[in-house]
Amino acid sequence: MAFEQLQHARALNLPSREAMLQRSPSVEYFWRNNKNLLSNAWAEWEMSKKDELVNLNQSLFDPNLRKAIRLAWEDPTKESAVKKLWHEVMPGVYQCQFFEPQRLTKLREYLEEVSNAQIPLRPPYGIVLNRGGMMLDSRSLGYLAAPSFQAFYRDLIDQYMRPISRLLFPEIMGYDTQSFGFSIQYQPTTDTSIRPHTDASAVTLNINLNLPGEEFSGSAVDFFNPVTGVKHELVFEPGTAVIHRGNVPHAAQPITSGERSNFVFWLYGKHGQIPANQTAKAIDKDDAQKRWSLSTTEHDDYSPF
Numbered sequence: 002m003a004f005e006q007l008q009h010a011r012a013l014n015l016p017s018r019e020a021m022l023q024r025s026p027s028v029e030y031f032w033r034n035n036k037n038l039l040s041n042a043w044a045e046w047e048m049s050k051k052d053e054l055v056n057l058n059q060s061l062f063d064p065n066l067r068k069a070i071r072l073a074w075e076d077p078t079k080e081s082a083v084k085k086l087w088h089e090v091m092p093g094v095y096q097c098q099f100f101e102p103q104r105l106t107k108l109r110e111y112l113e114e115v116s117n118a119q120i121p122l123r124p125p126y127g128i129v130l131n132r133g134g135m136m137l138d139s140r141s142l143g144y145l146a147a148p149s150f151q152a153f154y155r156d157l158i159d160q161y162m163r164p165i166s167r168l169l170f171p172e173i174m175g176y177d178t179q180s181f182g183f184s185i186q187y188q189p190t191t192d193t194s195i196r197p198h199t200d201a202s203a204v205t206l207n208i209n210l211n212l213p214g215e216e217f218s219g220s221a222v223d224f225f226n227p228v229t230g231v232k233h234e235l236v237f238e239p240g241t242a243v244i245h246r247g248n249v250p251h252a253a254q255p256i257t258s259g260e261r262s263n264f265v266f267w268l269y270g271k272h273g274q275i276p277a278n279q280t281a282k283a284i285d286k287d288d289a290q291k292r293w294s295l296s297t298t299e300h301d302d303y304s305p306f
């Protein structure tokens, strides 16, 4: 099999970092003009590696979380078991073991193969251009379009993130039908930190991908209480996640050694809508069935960046 689309994609010349930082029209043209080619190339890449690629499935998730999620989908009245796993580290910011640390090797192996595929991927540029990251959602140009990864991504959003978000932040119901995702990587020699900011999301889920023993120093995430301004410093452990409303200010401190890699996922409503009042709301237990249901809203193509 020739895999012509894969060869063609590998021959493309990426826009320069300077052009991407300056939001040059030529950058937008590059990704739009090659959208179908890149998508086909990722499908061909996966076919070419079908006997080598790691199988991305729910075995990557923490066993306690996986069990609680499964029970809640079977019987939404048991959703409290899911909530108990999320510890509130400051008002509106929760932490949980999300991926099984020992199984993270499998996910990292897959991402290493992606990195070596030589298919152009668009790095995320929201506040800054993160050179080690990539876009993950199909709404984004230049995203990781490998079919197996997209199936894993959609399962994570639909089966895990959305119902968890509805459980912890009930006011986002209806503002959680659309998703957005990217990866980031912090290194002392390239992208070291990110200044205080809020997200254009109803809810943000941030999952660390570092392996056990893959240590780094610095790179703590500061969360600022939007009411009191009090700062809470959080250091990621392998496979842990934090989830918070998008309007919670946060920043990444400079990394001084090692590397830190994370997945970042957002939920919002159609065309980027978020709740007008992103504040705590009591959980209505009668809505449990709604929380543990798949969204039937059609996906739009809005992408924040």
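In this text, residue positions in the sequence shown follow our numbering: the first is 2, and each later residue adds one. Beta carbons are placed, not taken as given, at the ideal position from N, Cα and C, and that holds for glycine. This one's a predicted model, so the numbers in the text were calculated from it and none came from an experiment.
Terminal residues of the continuous alpha helix (DSSP H) containing residue i?
i	result
residue 9	5-11
residue 148	148-156
residue 276	Note, residue 276: premise wrong, no alpha helix (DSSP H); not H, not E.
residue 113	105-116
residue 165	163-169
residue 55	Unbroken run through residue 55: none, as it is neither H nor E.
residue 206	Counting along the chain, residue 206 falls outside any alpha helix (DSSP H), though it belongs to the beta strand (DSSP E) covering 204-209.
Looking at the secondary structure, which residues open and close the beta strand (DSSP E) in which residue i lies?
i	result
residue 64	Residue 64 -> not in any beta strand (DSSP E); alpha helix (DSSP H) instead, spanning 64-75.
residue 222	222-225
residue 232	232-235
residue 267	261-269
residue 95	94-98
residue 174	Note, residue 174: premise wrong, no beta strand (DSSP E); not H, not E.
residue 44	Not the beta strand (DSSP E): residue 44 falls in the alpha helix (DSSP H), residues 36-49.
residue 253	251-253
residue 193	Per DSSP, residue 193 belongs to no beta strand (DSSP E) and is neither H nor E.
residue 246	241-246
residue 256	256-258
Identify, in the order they occur along the chain, each residue of the same chain with its Cβ nearer than 6 Å to the Cβ of residue i, setting aside the five sequence neighbours on each side.
i	result
residue 73	79, 80, 83 and 293
residue 219	254, 255, 256 and 257
residue 259	216 and 217
residue 118	46
residue 298	178
residue 13	121
residue 31	16
residue 302	140
residue 8	none
Within 10 Å of its beta-carbon, does residue i have 16 or more other beta-carbons around it, so buried, or fewer, so exposed?
i	result
residue 197	exposed
residue 115	buried
residue 234	exposed
residue 103	exposed
residue 207	buried
residue 125	buried
residue 214	exposed
residue 101	buried
residue 295	exposed
residue 71	exposed
residue 184	buried
residue 262	buried
residue 306	exposed
residue 231	exposed
residue 164	buried
residue 3	exposed
residue 27	exposed
residue 10	buried
residue 167	buried
residue 245	buried
residue 24	exposed
residue 123	buried
residue 52	exposed
residue 88	exposed
CB-CB under 8 Å to residue i, same chain, minus the five flanking residues each way: which ones, in chain order?
i	result
residue 247	199, 200, 201, 202, 203, 204, 205, 267, 269, 275 and 279
residue 34	none
residue 106	212
residue 271	178, 179, 298, 301 and 303
Near residue i, what residues of its chain come up, given a Cβ to Cβ distance below 7 Å and the 5 sequence neighbours on each side ignored?
i	result
residue 189	256, 257 and 258
residue 289	77, 78 and 80
residue 69	82, 83 and 86
residue 193	187, 255 and 256
residue 134	124, 125, 183, 184, 185 and 186
Residue i and residue j look like a contact to me (Cβ under 8 Å); what is the Cβ gap, rounded to whole Å?
i	j	result
residue 240	residue 153	About 15 Å separates the two Cβ atoms, so there is no contact after all.
residue 171	residue 287	The Cβ separation is near 11 Å, so there is no contact.
residue 38	residue 111	No, residue 38 and residue 111 are not in contact; Cβ-Cβ is about 22 Å, not under 8 Å.
residue 174	residue 291	7 Å
residue 224	residue 249	6 Å
residue 95	residue 243	7 Å
residue 210	residue 66	Not quite, the Cβ-Cβ distance comes to about 16 Å (not below 8 Å), so this is no contact.
- Counting Cβ pairs closer than 8 Å, one from the region 153-164 and one from the region 50-69, do we hit at least three? Segments in contact, yes.
- Between the region 35-44 and the region 133-153, do at least 3 Cβ pairs fall closer than 8 Å? Verdict: yes, contact present.
- Task: Determine contact between the region 177-184 and the region 133-143, defined as no fewer than three beta-carbon pairs at a distance below 8 Å.
- Result: Counting Cβ pairs under 8 Å, three or more are found: they touch.
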